[in-house]
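**Student:** Protein chains in written order, with UniProt numbering: chain A, 1 to 208; chain B, 1 to 637. No residue lacks a Cβ here, since even glycine has one placed at the ideal position from N, Cα and C.
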Amino acid sequence: MDLNKRYTPQTWPDHPETATLEGKNKFVGFWLLLAAETVTFASLFATYLALKDKGPSGMEFSAAGLFELPLVFAMTMLLLTSSLTSVYAMYHMKNHNFKAMQAWLGITVLLGLAFLGLEIYEFNHYVHLGFGYTNSAFSSAFYTLVGTHGAHVVFGLSWFIALMLRNAKRGLNMYNAPKFYLASLYWHFIDVVWVFIFTVVYLMGVIG
Amino acid sequence: MSSNSQKKGFGATIWDYMTTVDHKKIAILYLISGGFFFLVGGVEAMMIRIQLMKAGNDFLSAGTYNEVLTMHGTTMIFLAAMPILLAFMNAVSPLQIGARDVAFPFLNSLGFWLFFFGGIFLNLSWFLGGAPDAGWTNYASLALASEGHGIDFYSLGLTISGFGTLIAGINFLVTIINMRAPGMTYMRMPLFTWTTFVASALILLAFPPLTVGIFFMVFDRLFGANFFDVTMGGNTIIWEHFFWIFGHPEVYILILPAFGIFSEIFAIFSRKRLFGYTALVFATILIGFYGFMVWAHHMFTVGLGPTANAVFALATMIIAVPTGIKIFNWLLTIWGGSISFTVPMIYAVAFIPSFVAGGVTGVMQAIAPLDYQLHDSYFIVAHFHYVIVGGVVLAILAGTHLYWPKMFGTMLSEKLGKWTFWFFFIGFHLTFFIQHFLGLMGMPRRVYTFGADQGWDLFNAISSAGAFFMAIGVIILLVNVVMTVAKNERVGNDPWGDGRTLEWAIPSPPPFYNFAQTPLVRGLDPYWIEKMEGNKEGMVYAEPLGDIHMPNGSIIPFVISFGMFVAAFGAMYHMDDHAWALPVLIVGLAITFGSMLVRSLKDDLGFHISKEELIADNERIQKEARALEGGKKGGLK
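If you want it as structure tokens, here you go:
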């Protein structure tokens, strides 16, 4: 692969992420990794459901009493929107419009950071109420499930930022196009997991 | 090794192996380290059998016995059987599909080093305050109460090596999906490649639940979480579910590649194409699929209720069907073949009755009411050793003989190989057959001793005698390896003379780019087809000779794995309030993530071998082959 080869929107392939064998391998490999991640989160969800509201006798915390939907709804909107903006970024990647891609990725990162800020605020709030990690089986399962998702958000954001900085002066080529594509795929996956967390943990939790 | 690498000094060779991304060298690394752990696990097995040789023995204390027993199981499954099978997968399956390398050479190396450091970490427990002692299944109710750091060594060590295995699984899946040579359709893939493929899919889906379960264990023990602590609302059965959702597919991860090796052997040494190739392929897929539906048959006595037990009992019995299909296909492959009883073939023929015996006792245990009687007795020990030793270990020994020439370019001695076989095979049946009866007589598993009045003396003594036979067999194999390496008699492309698949069409060991020109596959058993049509080259080509793109070696996989190894110590000793523990954890993670970042930011585009270099290298290979031919004619006959 020649990094110095210059592309124009006309010579840029329709699917740059799978235009090389390396890209194809990464594409298939990453989907398989997401399959493994799906099983991981399925295990965490199963554990959470088994341990929901379970704690030492006389525990004062329950999902219905603890969670507040307005905050979580704001978080959901931020993350869903960031998924949309990453789609815009990939649209421009496929059209070989590097600046627009970087701009939309930047917006994605900002939305992701806002989500992360709210999540830290939320955890901090619960801990102040006395609902710490070691409080009960319920708290361990809750923080592990939602926290694992949060760790994925941190990793996804770091990935986006590293890619944007590294390639800021180089523009798009066949070497980094699959990387951008996979980072955005990862971001969608994180978003889908959050939709399940919102439903299973928060909505079903508040209903009781 | 080519004449090039022989000129290298010792240090340069070590560095070469530490930085290699070549699947054939990684295979050798897997074989050596897996073989080492196999010996460690074997010594642990001998200690168990010496302790149980007679009633009331005091060779091991009760506590030490628990550690030895736990480490025997854990080492054999995670650090011996799987890595040795990964060695064959690495050495052979890319060649079988006509690929120049695996899809992710860098990750291949990373997978190996993660496994290696995880295994070392786990075994360091012997020297740092005691090994894990809650059995290889590490049930939470036992593990949470275990004192010292044994269980933490287990959890963190298996986490690290588990990541390595997951990476290897993804790598093989992508390699087989994307890197097949032109004409190598799915239904022309050799059976060993097929079983590699399905086993990799099982790795992909089975290892995450184990990782999650182990993380819960780590959080519970080290960070005060309450997943398994019943007084805090936790549930200890969650561990059992996760462990067996992983653990049952795990036995198929082991046995499917074993089936693959035997399928190759039956076809090669019966000089016939596999009988019912299509049925064998679909049986493999079915076994992989059902493998995920039967985990609760390990938990019949937990009290899941009659409905759950009935469902899992039926699902378990169904697995016997595709397995039976395979047995009949192998028998019919031998039937009417022109059989040569080489060492691999002897192992393969011995495998069929041994494995069927283990399968039959497996179906017995699937009957839930009967399992209530058999549970936790020596009958279970006998059963799983019949499938694992009678299936997987025989396949590993057979595969070692079969693929040794392809990996190292020399042949293991057939004569010593037969001695190994007879000692090992007789010893195996002597050790484990009688354990069925010990179980039926009521001897529970995992006990460190028994009383003289219980009537188990004689059978235990016989069982221990068998273990010594197996040990002698393994020692003869080691002698065989040393002698073969010392003699260093080189062999040609197809040393067995009846190779059918692509790996036998290229030199032993193959050049680092495997195929100078990508082969064109014209049917099942492509090398056999070309041989039958009188094609002296053994291959037809899908492309003209041209430059080949190859990946660069890298030390980064080693460094990433080393960082996790360091971090694991920090996480573990953090519990004891050592001031240095947290910095160690942070430094370890910094090494890991820092080197990952370096890998990300640095462009690594690989290099090209030019057409001229390929031609020169090909001339060297031809010359060596002619010298080999001449040597043979002038030598013995």
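(1) Within the 9 Å Cβ cut-off, does Met-59(A) reach chain B?
(2) Would you list the residues sitting across from Arg-522(B) in a DSSP beta bridge?
(3) Under the rule that 16 or more other beta-carbon atoms within 10 Å means buried, what is Ala-368(B), buried or exposed?
(4) Looking only at C-alpha atoms, which of Asp-2(A), Ala-151(A), Phe-131(A) sits nearest to Phe-67(A)?
(5) List the residues of chain B that Ser-136(A) touches, going by C-beta distances under 9 Å, in chain order.
(6) What does the Cβ neighbour count give for Ser-5(B), buried or exposed, with the cut at 16 atoms within 10 Å?
(7) Once DSSP output is grouped into helix, strand and coil, what is the label at Pro-306(B)?
(8) Among Pro-83(B), Val-174(B), Ala-568(B), Met-184(B), whose alpha-carbon lies nearest the alpha-carbon of Val-28(A)?
(9) Check whether chain E comes within 9 Å of Val-146(A), counting only Cβ atoms and requiring the distance to be less than that.
(10) With Ile-548(B) as the anchor, note down where its beta strand (DSSP E) starts and where it stops.
(11) Got a sec: which bits of the stretch 206-226 of chain B sit with their beta carbon under 9 Å from any beta carbon on chain A, in order along the chain?
(12) Is the CB of Ser-3(B) under 9 Å away from at least one CB in chain A?
(13) Out of Pro-509(B), Gln-622(B), Glu-543(B), Phe-593(B), point me to the one whose CA is closest to His-23(B)'s CA.
(14) Using a Cβ-Cβ cut-off of 7 Å (strictly less than) and excluding sequence neighbours within five positions of Leu-69(A), which residues of its own chain qualify?
(15) With DSSP run on the structure shown, which of helix, strand or coil describes Ser-595(B)?
(16) So what's Met-377(B) in DSSP terms, helix, strand or just coil?
(17) Less than 6 Å between C-beta atoms, sequence neighbours within five positions excluded: which residues of the same chain meet that for Lys-623(B)?
(18) Should the stretch 163-172 of chain B be called in touch with the stretch 264-274 of chain B, which here means at least 3 C-beta pairs below 8 Å?
(19) So, is the C-beta of Tyr-175(A) closer than 9 Å to a C-beta in chain B?
(20) Would you identify the three-state DSSP class for His-608(B), choosing helix, strand or coil?
(21) Please look up how many angstroms separate the CB atoms of Ala-87(B) and Tyr-17(B), rounded, as I've assumed it's under 8 Å.
(22) According to DSSP, is Lys-637(B) part of a helix, a strand, or is it coil?
(23) Spell out whether any CB of chain B is found under 9 Å from the CB atom of Tyr-126(A).
(24) Can you give me the start and stop residues for the alpha helix (DSSP H) that Ser-191(A) sits inside?
(25) On the three-state DSSP scale, how would you describe Pro-444(B)?
(26) Can you round the beta-carbon distance between Thr-361(B) and Tyr-386(B) to whole angstroms, since I take them to be within the 8 Å contact cut?
(27) Under 7 Å Cβ-Cβ, which residues of chain B neighbour Ser-43(A)?
(28) State the DSSP-derived secondary structure class of residue 639(B), mapped to helix, strand or coil.
(29) Using 9 Å as the limit for Cβ to Cβ distance, is Asn-4(A) near chain B?
(30) Mind checking which residues open and close the alpha helix (DSSP H) that includes Tyr-513(B)?
(31) Shortest alpha-carbon distance to Leu-116(A) belongs to which of His-92(A), His-152(A), Trp-12(A)?
(32) Round the Cβ separation of Ile-352(B) and Ile-327(B) to the nearest angstrom and send it over; I've been treating them as touching at under 8 Å.
(33) How about Asn-178(B): is its C-beta nearer than 9 Å to some C-beta of chain A?
(34) Check for me: the alpha helix (DSSP H) holding Phe-142(A) runs from which residue to which?
(35) On the DSSP bridge list, what partners appear for Arg-490(B)?
(36) Would Ser-86(A) pass as a contact of Trp-187(A) if the rule is Cβ separation under 9 Å?
**Tutor:** Once the coordinates are examined:
(1) Yes, contact with chain B.
(2) None, per the DSSP bridge assignment.
(3) Burial call: buried.
(4) Selection Asp-2(A), Ala-151(A), Phe-131(A) evaluated against Phe-67(A) yields Phe-131(A) as nearest (Cα-Cα).
(5) The answer, in chain order, is Asn-226, Met-232, Gly-233, Gly-234.
(6) Caution is warranted here: a pLDDT of 46 is assigned to Ser-5(B), below 50, making its placement in the model unreliable, and the coordinate value is therefore given only provisionally. Ser-5(B) comes out exposed.
(7) The three-state secondary structure of Pro-306(B), taken from DSSP, is helix.
(8) That would be Val-174(B), whose Cα lies nearest to the Cα of Val-28(A).
(9) Among the protein chains of the structure shown, namely A and B, there is no chain E.
(10) Judged by DSSP secondary structure, Ile-548(B) falls within the beta strand (DSSP E) whose first and last residues are 548-550.
(11) Identification of residues in the stretch 206-226 of chain B having a C-beta nearer than 9 Å to some C-beta of chain A yields Ala-206, Phe-207, Pro-208, Pro-209, Thr-211, Val-212, Gly-213, Phe-215, Phe-216, Phe-219, Asp-220, Phe-223, Gly-224, Ala-225, Asn-226, given in sequence order.
(12) Any reading at Ser-3(B) needs caution, since the residue's pLDDT is 42, under 50, leaving its predicted position unreliable; the model's value is listed next. Not one chain A Cβ lies under 9 Å of Ser-3(B).
(13) Ranked by Cα distance from His-23(B), the options Pro-509(B), Gln-622(B), Glu-543(B), Phe-593(B) are led by Pro-509(B).
(14) Leaving aside the five residues that flank Leu-69(A) on each side, the residues in its chain whose CB is nearer than 7 Å to its CB run, in chain order, Tyr-202, Val-206.
(15) Of the three classes helix, strand and coil, the one that applies to Ser-595(B) here is helix, per DSSP.
(16) Correcting the residue type first, residue 377(B) is Ser in the shown sequence and not Met. Ser-377(B) falls in the strand class under three-state DSSP.
(17) Nothing meets the Cβ criterion.
(18) They do not touch, by the three-pair rule.
(19) Yes, its Cβ sits closer than 9 Å to a Cβ of chain B.
(20) Here His-608(B) sits in strand by DSSP.
(21) Contact between Ala-87(B) and Tyr-17(B) does not hold, since the beta-carbon distance rounds to 14 Å and is not under 8 Å.
(22) Its pLDDT being 31, under 50, Lys-637(B) is placed unreliably in this model, and the value from its coordinates should be taken loosely. Of the three classes helix, strand and coil, the one that applies to Lys-637(B) here is coil, per DSSP.
(23) Taking Cβ atoms only, chain B never reaches closer than 9 Å to Tyr-126(A), which makes this a no.
(24) One detail in the question is off: residue 191(A) reads as Asp in this sequence, not Ser. Its alpha helix (DSSP H) spans residues 177-196.
(25) Reduced to three states, the DSSP call for Pro-444(B) is strand.
(26) Yes, Thr-361(B) and Tyr-386(B) are in contact; Cβ-Cβ is about 7 Å, under 8 Å.
(27) What Ser-43(A) touches in chain B: Pro-208, Pro-209, Val-212, Phe-242.
(28) Because residue 639(B) is not part of the residues shown, which for chain B are 1 to 637, the question remains open.
(29) No, its Cβ sits nowhere closer than 9 Å to a Cβ of chain B.
(30) Here Tyr-513(B) belongs to no alpha helix (DSSP H), and DSSP marks it neither H nor E.
(31) Among His-92(A), His-152(A), Trp-12(A), the Cα nearest to that of Leu-116(A) is on His-152(A).
(32) At roughly 6 Å, the Cβ-Cβ gap stays under 8 Å, so Ile-352(B) and Ile-327(B) are in contact.
(33) The beta carbon of Asn-178(B) sits closer than 9 Å to some beta carbon of chain A.
(34) 137-166 is the extent of the alpha helix (DSSP H) around Phe-142(A).
(35) Beta-bridge pairing links Arg-490(B) to Thr-410(B).
(36) Result yes, Cβ atoms of Ser-86(A) and Trp-187(A) sit closer than 9 Å.
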